[in-house]
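A.B. asks:
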Amino acid sequence: MKAVKLERPGKLQCLQVDEPEMPSTGQALIRIKQVGVCGTDLHAFQGTQPFFSYPRILGHESGVEVVAVEGTEHGIVSGMHCAIEPYFACQHCPACRRGKPNCCLNIQVFGVHIDGGMRELALVPARYLHPASTLSFEQLALVEPLAIGSHAVTRAQLHKGEQVLVVGAGPIGLAVIQFALLAGTQVFVLDVSEQRLTFCQQIYPQVTCLSGQGDPLANLQQFTGDDLPTAVFDATGNPQSMHASFSYVGNGGRLIFVGLFQGDVTFHDPDFHRRELTLLSSRNAEAADFRQIITYLEAGQIDIAPWITHRASADEMVDAFPQWFNRDSGIIKAVIAF
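Residues 12 to 349 (my numbering) are what the sequence shown spells out, left to right.
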């Protein structure tokens, strides 16, 4: 069967690999139909992704069809169309026992720690499949990035009417914006890319878009004065941006790091204490996020069609992938068809 493998940083290859065996108890054999390309895949390609090893079949955002399943305890049957919750937890470590499988001590993320969805067939634990009755495979492939935003907003415990700043208007930032709006907040968006801000304004006209060029804090204060947002989400994974984000948070507020990078984050402790800030990280998502997002999508409460700006086949992806991340590519989200 066909698969796209990242052999080493900078080296993608489309090749033939063996098909998986039939599923054992608790497993499902899935046919991957669509795979979303994520910043995680870019960082892996560049050699800057934490928790990553090579060679690896990429792809953790997947819309799939169930071919066969062994066992019915999870309600999955052959023929179902599903999104994959790609964070395979051990179910028994201290984090799992505390109800935090998204940060399991022994987590195996599909497409990061283990081979992922950029192949025609795969075996996965059936418990991590989330079925939908009306969604396309492209929609199902985008459930996972939406779930990242949903989980981050849940972590922040937003209040209706609260001022929120989202730094970074890429796909994960857009997902945070979507759920911050559903929470009834007033949303500001900051990005250095005018192209991304324009796109964001088109699909979310109710948000206030701000340039990250020049003096971003001054740009924000033109609208807020000293009443800075009390929830700031940094979805960039950029160290300079993440360090700067501390200055955007109002007294008593929360800073939520949704993106990450390989390095240390530092802040000025007296200023951090003076404003009594809360610093949160947000990792992966949980099963409830996937189920809720599928409900929203099937009800038409979320429209992700404009997000998909680039499409390719598995054969085309190897040459196209490096070009997608040029600043002038106009990419928001790419999907790969298998």
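Quick reminder that beta carbons are idealized off the backbone N, C-alpha and C, glycines included.
By the three-class DSSP mapping on this structure, what secondary structure does residue 176 have?
C.D. replies: Translated into positions along the sequence shown, residue 176 becomes position 165. Of the three classes helix, strand and coil, the one that applies to residue 176 here is strand, per DSSP.
A.B. asks: Check the C-beta distance from residue 293 over to residue 162 and give it rounded, since I have them as a contact under 8 angstroms.
C.D. replies: Walking along the sequence shown from the start, residue 293 turns up at place 282. Walking along the sequence shown from the start, residue 162 turns up at place 151. Confirmed, about 6 angstroms.
A.B. asks: Assuming contact is defined by CB atoms lying nearer than 8 angstroms, are residue 336 and residue 342 in contact in what I supplied?
C.D. replies: Looking up residue 336 in the sequence shown gives position 325. Looking up residue 342 in the sequence shown gives position 331. Their beta carbons are under 8 angstroms apart, which means residue 336 touches residue 342 by this criterion.
A.B. asks: Within the continuous beta strand (DSSP E) that includes residue 143, where are the two ends?
C.D. replies: To locate residue 143, count along the sequence shown from 1; it is residue 132. 140-143 is the span of the beta strand (DSSP E), which, as asked, contains residue 143.
A.B. asks: Could you please give me the residues that DSSP links to residue 136 through a beta bridge?
C.D. replies: On the sequence shown, residue 136 is found 125 positions in, with the first residue counted as 1. For residue 136, which the question treats as bridged, DSSP gives the partners 38.
A.B. asks: Please tell me whether residue 71 and residue 123 are closer than 8 angstroms, where the distance is taken between their beta carbons.
C.D. replies: Taking the sequence shown and counting its residues from 1, one reaches residue 71 at position 60. Taking the sequence shown and counting its residues from 1, one reaches residue 123 at position 112. Yes, the pair counts as a contact, with Cβ atoms nearer than the cut-off.
A.B. asks: Please confirm whether residue 159 has its beta-carbon closer than 8 angstroms to some beta-carbon of chain D.
C.D. replies: Here there is only one protein chain, and chain D is not present.
A.B. asks: Taking DSSP's pairing of strands, which residues face residue 68 in a bridge?
C.D. replies: Translated into positions along the sequence shown, residue 68 becomes position 57. Partner(s): 16.
A.B. asks: Residues in its own chain within less than 7 angstroms of residue 256 by CB, not counting five upstream and five downstream?
C.D. replies: Position 245 of the sequence shown, counted from the start, is the residue given in the question as residue 256. Excluding positions up to five away in sequence, the list reads 178, 243, 245 and 266.
A.B. asks: Starting from the Cα of residue 195, find the closest Cα among 172, 207, 205 and 181 and give me that residue.
C.D. replies: Start at 1 with the first residue of the sequence shown, and residue 195 comes out as number 184. When only C-alpha atoms are compared, the closest one is 172.
A.B. asks: Would you kindly check if the distance between the Cβ of residue 199 and the Cβ of residue 228 is under 8 angstroms?
C.D. replies: Counted from its first residue, the sequence shown places residue 228 at position 217. Counted from its first residue, the sequence shown places residue 199 at position 188. Taking 8 angstroms as the Cβ cut-off, residue 228 and residue 199 do not qualify as a contacting pair.
A.B. asks: For residue 271, report the span of its beta strand (DSSP E) as first-last.
C.D. replies: To locate residue 271, count along the sequence shown from 1; it is residue 260. Element bounds for residue 271: n/a, residue is neither H nor E.
A.B. asks: Taking C-beta to C-beta, are residue 141 and residue 101 nearer than 8 angstroms?
C.D. replies: Along the sequence shown, read from residue 1 onward, the residue named residue 141 stands at position 130. Along the sequence shown, read from residue 1 onward, the residue named residue 101 stands at position 90. Going by C-beta atoms, residue 141 is not nearer than 8 angstroms to residue 101.
A.B. asks: Mind pulling the alpha helix (DSSP H) runs of 4 or more residues that sit fully within the stretch 50-121?
C.D. replies: Counting only runs of 4+ residues, the alpha helix (DSSP H) found wholly inside the stretch 50-121 occupies 50-57 and 105-108, in chain order.
A.B. asks: Identify the residues that DSSP records as bridge partners of residue 345: which are they?
C.D. replies: Here residue 345 is taken as the residue at index 334 of the sequence shown, counted from 1. Its beta-bridge partners are 48 and 321.
A.B. asks: Helix, strand or coil: how does DSSP classify residue 183 here?
C.D. replies: Working through the sequence shown from its first residue, we reach residue 183 at position 172. Helix at residue 183.
A.B. asks: In terms of alpha-carbon separation, which member of 119, 120, 146 and 201 lies closest to residue 220?
C.D. replies: Along the sequence shown, read from residue 1 onward, the residue named residue 220 stands at position 209. That would be 201, whose Cα lies nearest to the Cα of residue 220.
A.B. asks: For residue 44 and residue 152, what's the separation of their Cα atoms in angstroms?
C.D. replies: Mapped onto the sequence shown, residue 44 falls at position 33. Mapped onto the sequence shown, residue 152 falls at position 141. Their Cα atoms are separated by approximately 9 angstroms.
A.B. asks: Can you tell me where the beta strand (DSSP E) holding residue 233 begins and where it ends?
C.D. replies: As a working note, residue 233 is residue 222 in the sequence shown. Segment 227-235 is the alpha helix (DSSP H) holding residue 233; no beta strand (DSSP E) there.
A.B. asks: Since residue 15 and residue 325 are thought to touch, with beta carbons under 8 angstroms apart, how far apart are those beta carbons, to the nearest angstrom?
C.D. replies: Indexing the sequence shown from 1 puts residue 15 at position 4. Indexing the sequence shown from 1 puts residue 325 at position 314. Confirmed, Cβ separation roughly 5 angstroms.
A.B. asks: Which residue's Cα is closest to the Cα of residue 259: 39, 249 and 237?
C.D. replies: On the sequence shown, position 248 is the one that residue 259 refers to. Restricting attention to 39, 249 and 237, the CA atom closest to the CA of residue 259 is found in 237.
A.B. asks: Tell me whether residue 332 is buried or exposed, calling it buried when 16 or more other Cβ atoms sit within 10 Å of its Cβ.
C.D. replies: Mapped onto the sequence shown, residue 332 falls at position 321. The residue is buried, with at least 16 neighbouring Cβ atoms inside 10 Å.
A.B. asks: Can you tell me whether residue 252 sits near the ligand PLP, meaning its C-beta is under 7 angstroms from at least one heavy atom of the ligand?
C.D. replies: In terms of ligand content, the structure shown is empty, and the ligand PLP therefore cannot be addressed.
A.B. asks: To the nearest angstrom, how far is it from the Cα of residue 276 to the Cα of residue 108?
C.D. replies: Indexing the sequence shown from 1 puts residue 276 at position 265. Indexing the sequence shown from 1 puts residue 108 at position 97. So the alpha carbons of these two residues sit roughly 29 angstroms apart.
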